[in-house]
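Asker: Dropping a structure here in structure tokens format, bear with me for questions.
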Amino acid sequence: MRKTQPNAADRPSATARSVRKLSDTLRRFRVYHRYAGLALGLFVLVTGGTGILLGWKKNAAWLQPPTQDGATTDLRQWLPIARIAEVATHALDSTLRQPTGNAIERIEARPEKGIAKVLFQRGYWEVQVDGSTGAVVSVARRHSDWIEHLHDGSLLSEGFKLLYTNLLGIGLVTLSLSGAWLWLGPRRIRRLKENQA
Numbered sequence: 003m004r005k006t007q008p009n010a011a012d013r014p015s016a017t018a019r020s021v022r023k024l025s026d027t028l029r030r031f032r033v034y035h036r037y038a039g040l041a042l043g044l045f046v047l048v049t050g051g052t053g054i055l056l057g058w059k060k061n062a063a064w065l066q067p068p069t070q071d072g073a074t075t076d077l078r079q080w081l082p083i084a085r086i087a088e089v090a091t092h093a094l095d096s097t098l099r100q101p102t103g104n105a106i107e108r109i110e111a112r113p114e115k116g117i118a119k120v121l122f123q124r125g126y127w128e129v130q131v132d133g134s135t136g137a138v139v140s141v142a143r144r145h146s147d148w149i150e151h152l153h154d155g156s157l158l159s160e161g162f163k164l165l166y167t168n169l170l171g172i173g174l175v176t177l178s179l180s181g182a183w184l185w186l187g188p189r190r191i192r193r194l195k196e197n198q199a
């Protein structure tokens, strides 16, 4: 039995083959783009939402307690840091009505306001102490701190933070590139078809 050779008119042109190949590639890219977008969607929502909140932290007292004013900005009149730490620890224990054993994470001096902010390791607590008188002017939670830890992934662990930020960054770059290709591809197909006609 003899094979019949298709005549030249039946064979697809080089342009038609290019269009078909490009269409197939775009179809695959669309599927990859969709699933990558779904996988990263939750991370993007969390990062975007927490980013908005962090942008407002200096303007919303419920996110971060506003810095109070102390009696003097003259550092020569300030109490020793050890005394400020002692006052802050006692104030937190009194507020929670029990000895917490909560260690101090850091002390932020605000000389221009006359205040020392004492931040504790657990519970995101902040105690503001007047640097010169030792008076406690604020005991409050810093919600902006745990929101920041959620934002960068360090709420779970430092290892998760690295994984989270890298996956999110690489994913967003990949989605941007594949999105650009999905936008440009159909235009290229249209141009190929117009040139063929």
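Counting from 3, one number per residue, gives the positions in the sequence shown under our numbering. Think of the CB as a built atom: it goes at the ideal place given N, C-alpha and C, for glycine as much as any other residue. Predicted, not measured: the structure shown is a model, and the values here were computed from it.
(1) Quick one: what does DSSP say LYS23 is sitting in, helix, strand or coil?
(2) How about GLY171 and HIS35: are their beta carbons less than 8 Å apart?
(3) Following the continuous beta strand (DSSP E) through ALA142, name the residue where it begins and the one where it ends.
(4) On the CB-based measure, 16 or more other CB atoms within 10 Å of its CB, does TRP1 come out buried or exposed?
(5) Mapping DSSP to helix, strand and coil, what is LYS119?
(6) TRP185 lies in the alpha helix (DSSP H); which residues open and close that run?
(7) Skipping 5 residues on each side, what residues in its chain have a beta carbon closer than 7 Å to that of ALA38?
(8) For THR17, I'd like the list of residues in its chain whose CB is within less than 8 Å of its CB, leaving aside the five on either flank, ordered along the chain.
(9) In the DSSP assignment, find the unbroken alpha helix (DSSP H) run with ASP71 in it and report its ends.
(10) Among LEU152, ARG19, GLU107, LEU157, which one has its Cα closest to the Cα of VAL46?
(11) Using the beta-carbon count (16 or more within 10 Å), is ARG144 buried or exposed?
(12) For the beta strand (DSSP E) containing ALA63, list its first residue and its last residue.
(13) Could you tell me whether the segment 104 to 123 touches the segment 79 to 93, using the rule of 3 or more Cβ pairs below 8 Å?
(14) Could you pull the DSSP bridge partners for ASP132 from this structure?
(15) Is it right to say TRP80 is buried, meaning 16 or more other beta carbons lie within 10 angstroms of its own, or is it exposed?
(16) So what does DSSP say about ARG108, is it helix, strand or coil?
(17) To which residues of the same chain is GLY136 closer than 6 Å at the C-beta, ignoring the five residues directly before and after it?
Answerer: The short version:
(1) By one-based count along the sequence shown, residue 23 stands at place 21. Reduced to three states, the DSSP call for LYS23 is helix.
(2) The residue labelled residue 171 in the question sits at position 169 within the sequence shown. The residue labelled residue 35 in the question sits at position 33 within the sequence shown. It is not a contact, given that the beta carbons lie outside the stated cut-off.
(3) Here residue 142 refers to the residue found at position 140 when the sequence shown is read from its first residue. For ALA142, the enclosing beta strand (DSSP E) begins and ends at 138 to 143.
(4) Lying before the first or after the last residue shown, residue 1 is absent from the chain, which here runs from 3 to 199.
(5) The residue you call residue 119 lines up with position 117 of the sequence shown. Residue state, collapsed to three classes: strand.
(6) Stepping through the sequence shown from its first residue, residue 185 is reached at position 183. Per DSSP, TRP185 belongs to the alpha helix (DSSP H) from 160 to 198.
(7) On the sequence shown, residue 38 is found 36 positions in, with the first residue counted as 1. Excluding residues within five positions, the ones whose Cβ falls inside 7 Å are GLY173, THR176, LEU177.
(8) On the sequence shown, position 15 is the one that residue 17 refers to. For THR17, same chain residues with a beta-carbon under 8 Å away, outside a window of 5 residues either side, are LEU194, LYS195, ASN197, GLN198 in chain order.
(9) By one-based count along the sequence shown, residue 71 stands at place 69. Counting along the chain, ASP71 falls outside any alpha helix (DSSP H), and DSSP gives it neither H nor E.
(10) Counting from 1 along the sequence shown, the entry for residue 46 is found at position 44. For the residues LEU152, ARG19, GLU107, LEU157, the minimum Cα distance to VAL46 belongs to LEU152.
(11) On the sequence shown, residue 144 is found 142 positions in, with the first residue counted as 1. Label assigned to ARG144: buried.
(12) Here residue 63 is taken as the residue at index 61 of the sequence shown, counted from 1. Segment: none, ALA63 is in no beta strand (DSSP E) and carries neither H nor E.
(13) They touch, by the three-pair rule.
(14) To locate residue 132, count along the sequence shown from 1; it is residue 130. ASP132 is bridged by DSSP to ILE117.
(15) Within the sequence shown, residue 80 is the residue found at index 78, counting from 1. Buried, by the Cβ-count rule.
(16) Numbered from its first residue, the sequence shown carries residue 108 at position 106. Assignment of ARG108 by DSSP, reduced to helix, strand and coil, places it in the strand class.
(17) Translated into positions along the sequence shown, residue 136 becomes position 134. The residues are LEU81, VAL89.
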